[in-house]
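J.: I'd like to ask some things about the structure below.
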Amino acid sequence: MLTSTFRHVKGVGPSRERQLWLAGIRTWDDLLASAASGDPGFLPGIRGLSRKLQQRLAEEIAADRQALRRGDLEFLSTRLARREHWRFYSHFKERAVFLDIETTGTDPGSSRVTVVGVHHPDQDPMVFIDGYNLDDFPGYLEGDRLLVTFNGSSFDLPMLTRHFGALRLPKALIDLRWVAFRAGFKGSLKQIERRVGISRNHDVQGMDGSDAVMLWRNWVVNNDERALELLVGYNISDTMNLRPLLHILLDRIHQREFPWLEHRPFSEDDLVKEAFWVDPRELINRARR
DNA sequence: AGTCTCTAATGGAAGAAGGA
DNA sequence: TCCTTCTTCCATTAGAGACT
116 MLTSTFRHVK GVGPSRERQL WLAGIRTWDD LLASAASGDP GFLPGIRGLS RKLQQRLAEE
176 IAADRQALRR GDLEFLSTRL ARREHWRFYS HFKERAVFLD IETTGTDPGS SRVTVVGVHH
236 PDQDPMVFID GYNLDDFPGY LEGDRLLVTF NGSSFDLPML TRHFGALRLP KALIDLRWVA
296 FRAGFKGSLK QIERRVGISR NHDVQGMDGS DAVMLWRNWV VNNDERALEL LVGYNISDTM
356 NLRPLLHILL DRIHQREFPW LEHRPFSEDD LVKEAFWVDP RELINRARR
């Protein structure tokens with residue numbers, strides 16, 4: 116899906132991209148193979164594609180192709196608009212970090228970050244808890260990561276930036292709210308989870324963000340350990356459900372927009388819908404160490 | 001309840017192709 | 001070379017809605 120897009124090149128919009136596809140130029144490699152002929156007008160018959168633009172198209176796509184080969188996600192992030200960053204996922208799965216935060220409210224002026232949940236598919240999920248290890252969180256994001264959130268561009272990331280001051284966030288960001296929108300789903304994370312059939316552990320079923328605020332208060336004021344456990348369980352459910360949701364959404368977009376790409380991007384294993392669950396007590400113990 | 005980013009719609013300017 | 005048409009870009013505006 117990443118190597119099938121050309122719209123990030125200035126001068127190529129929806130119409131010219133479609134014409135490229137129809138002319139058999141469906142991937143970056145197709146384009147580079149045509150350009151390799153050396154003919155400056157290697158793409159005849161496409162309206163609005165001057166020789167000058169063809170030349171630039173070949174140059175820019177060649178640079179993108181090289182960046183992809185050497186795994187330069189940061190470079191590619193600057194090339195594609197943020198709403199297109201979901202295209203990175205199938206190439207950079209192993210660098211994906213799923214993230215969700217809890218706070219004391221939604222007003223960034225007065226709210227504080229209380230819990231940050233992260234899930235890197237190759238590692239155990241982790242939580243960073245205010246009062247224990249929250250200050251260690253920025254270190255977790257080191258490296259050229261692909262960050263995945265739900266509504267993170269409006270909420271989680273501005274909140275984290277405010278909390279940590281100079282936080283170096285990954286340039287590559289997938290916001291599932293807008294991926295869902297593209298896949299035909301509007302609504303909150305929980306609503307969309309329900310509609311696509313992703314389940315939740317019964318302990319945290321029916322909870323929402325305002326519960327998270329109350330649980331944190333209960334923990335801080337009354338030292339209620341069970342409240343903290345529930346809060347962490349809720350947070351990690353949100354965090355870990357992002358991965359199957361992303362897979363389902365991308366599969367849907369794939370079917371909608373790229374039916375001519377023969378292979379589907381995800382196997383049946385990637386599309387499982389049952390709830391992931393980690394014992395929150397384990398996560399809390401790790402945060403306390 | 002505030003913040004943020006997105007979509008969608010709009011209009012003017014510019015680049016390019018193609019016909020006359 | 002001129003004119004028309006198509007496509008894209010860019011800036012602006014408005015409005016929606018999801019996060020805790």
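Residues 116 to 404 in the numbering used here are what the first sequence lists, from first letter to last. Every residue gets a Cβ at the ideal spot worked out from N, C-alpha and C, and that includes glycine. All figures in this text were calculated on a predicted structure; none of them were measured in a lab.
(1) Where does A281 sit, in a helix, a strand or coil, going by DSSP?
(2) Can you name the start and end residues of the alpha helix (DSSP H) that T193 belongs to?
(3) Does the Cβ of Q169 have 16 or more other Cβ atoms within 10 Å, making it buried, or fewer, making it exposed?
(4) Following the continuous alpha helix (DSSP H) through E397, name the residue where it begins and the one where it ends.
(5) So, helix, strand or coil for E217, using DSSP?
(6) Among L188, D353, E340, which one has its Cα closest to the Cα of S303?
(7) Taking only the alpha-carbon atoms, compute the straight-line gap between V263 and A150 and give it to the nearest angstrom.
(8) Should W143 go down as buried or exposed, given a rule of 16 or more other Cβ atoms within 10 Å for buried?
(9) Express the C-alpha separation of W293 and F157 in angstroms, rounding to a whole number.
(10) What are the partner residues of G232, as DSSP defines its beta bridges?
(11) Measure the Cβ-Cβ separation of T229 and D245 and say whether it is below 8 angstroms.
(12) From E340, I289, R310, F300, pick the residue whose C-alpha is nearest to that of H200; which is it?
(13) Label W334 either buried or exposed according to how many other C-beta atoms from any shown protein chain fall within 10 Å of its C-beta, with 16 as the threshold for buried.
(14) Determine the closest residue to R122 out of A148, L214, A173, G254, with distance taken between C-alpha atoms.
(15) Grab me the residues of L284's own chain with a C-beta within less than 8 angstroms of its C-beta, minus the 5 sequence neighbours each way, in chain order.
(16) In its own chain, which residues sit with a C-beta less than 8 angstroms from the C-beta of G312, not counting the 5 before and 5 after it?
(17) On the DSSP bridge list, what partners appear for A287?
(18) Would you mind working out which of F265, G299, G224, F279 sits nearest K305, comparing C-alpha positions?
(19) Find the nearest neighbour of I307 within the set L361, F243, R133, judged by alpha-carbon distance.
(20) Use the C-beta contact count for W375: other C-beta atoms within 10 angstroms, 16 or more gives buried, fewer gives exposed.
(21) Measure the C-alpha to C-alpha separation of D239 and P159 and round it to an integer number of angstroms.
(22) Tell me which same chain residues have a C-beta within less than 8 angstroms of the C-beta of E132, skipping the five on either side of it?
(23) Hey, quick one: how far does the alpha helix (DSSP H) through N350 stretch, first residue to last?
(24) Measure the C-alpha to C-alpha separation of R198 and F270 and round it to an integer number of angstroms.
(25) Measure the C-alpha to C-alpha separation of H410 and F203 and round it to an integer number of angstroms.
T.: Put simply:
(1) On the first sequence, position 166 is the one that residue 281 refers to. Residue state, collapsed to three classes: coil.
(2) Taking the first residue of the first sequence as position 1, residue 193 is located at position 78. First-last of the alpha helix (DSSP H) with T193: 188-194.
(3) Translated into positions along the first sequence, residue 169 becomes position 54. It is buried - the Cβ of Q169 has at least 16 other Cβ atoms within 10 Å.
(4) Mapped onto the first sequence, residue 397 falls at position 282. Segment 395-403, the alpha helix (DSSP H) holding E397.
(5) The residue you call residue 217 lines up with position 102 of the first sequence. Looking at E217 - three-state DSSP - the assignment turns out to be strand.
(6) As a working mapping, residue 303 is identified with position 188 in the first sequence. Of L188, D353, E340, the residue nearest in Cα terms is D353.
(7) Here the question's residue 263 lines up with position 148 in the first sequence. Here the question's residue 150 lines up with position 35 in the first sequence. Distance between the alpha carbons of V263 and A150: 35 angstroms.
(8) Mapped onto the first sequence, residue 143 falls at position 28. Looking at its Cβ environment, which holds 16 or more other Cβ atoms inside 10 Å, W143 is buried.
(9) Counting from 1 along the first sequence, the entry for residue 157 is found at position 42. Counting from 1 along the first sequence, the entry for residue 293 is found at position 178. The straight-line gap from Cα to Cα measures roughly 36 angstroms.
(10) As a working note, residue 232 is residue 117 in the first sequence. D215, V242, per the DSSP bridge assignment.
(11) Residue mapping note: residue 229 aligns to position 114 of the first sequence, counting from 1. Residue mapping note: residue 245 aligns to position 130 of the first sequence, counting from 1. Yes, these two residues count as a Cβ contact at 8 angstroms.
(12) In the first sequence, counting from the first residue as 1, residue 200 sits at position 85. The shortest Cα separation from H200 among E340, I289, R310, F300 belongs to I289.
(13) Position 219 of the first sequence, counted from the first residue, corresponds to residue 334. Flag for W334 reads buried.
(14) The residue given as residue 122 occupies position 7 in the first sequence. Looking at the Cα atoms, A173 is the closest of the given residues.
(15) Taking the first residue of the first sequence as 1, we reach residue 284 at position 169. Taken in chain order, the residues that qualify are L256, L262, L272, L275, T276.
(16) The residue labelled residue 312 in the question sits at position 197 within the first sequence. These residues qualify, in order along the chain: K388.
(17) If you number the first sequence from 1, residue 287 lands on position 172. Its beta-bridge partners are L261.
(18) Sequence index remark: in the first sequence, residue 305 carries index 190 (1-based). K305 has its Cα closest to that of F265, out of F265, G299, G224, F279.
(19) Mapped onto the first sequence, residue 307 falls at position 192. Among L361, F243, R133, the Cα nearest to that of I307 is on L361.
(20) Residue mapping note: residue 375 aligns to position 260 of the first sequence, counting from 1. Under this definition W375 is an exposed residue.
(21) Looking up residue 239 in the first sequence gives position 124. Looking up residue 159 in the first sequence gives position 44. Taking the straight line joining both Cα atoms gives about 52 angstroms.
(22) By one-based count along the first sequence, residue 132 stands at place 17. Hits under 8 angstroms: T120, F121, R122.
(23) Sequence index remark: in the first sequence, residue 350 carries index 235 (1-based). Run containing N350: 340-372, per the alpha helix (DSSP H) assignment.
(24) Counting from one through the first sequence, the residue named residue 198 turns up at place 83. Counting from one through the first sequence, the residue named residue 270 turns up at place 155. Going from the Cα of R198 to the Cα of F270 covers about 16 angstroms.
(25) This structure gives no information on residue 410, because the portion of the chain shown stretches from 116 to 404.
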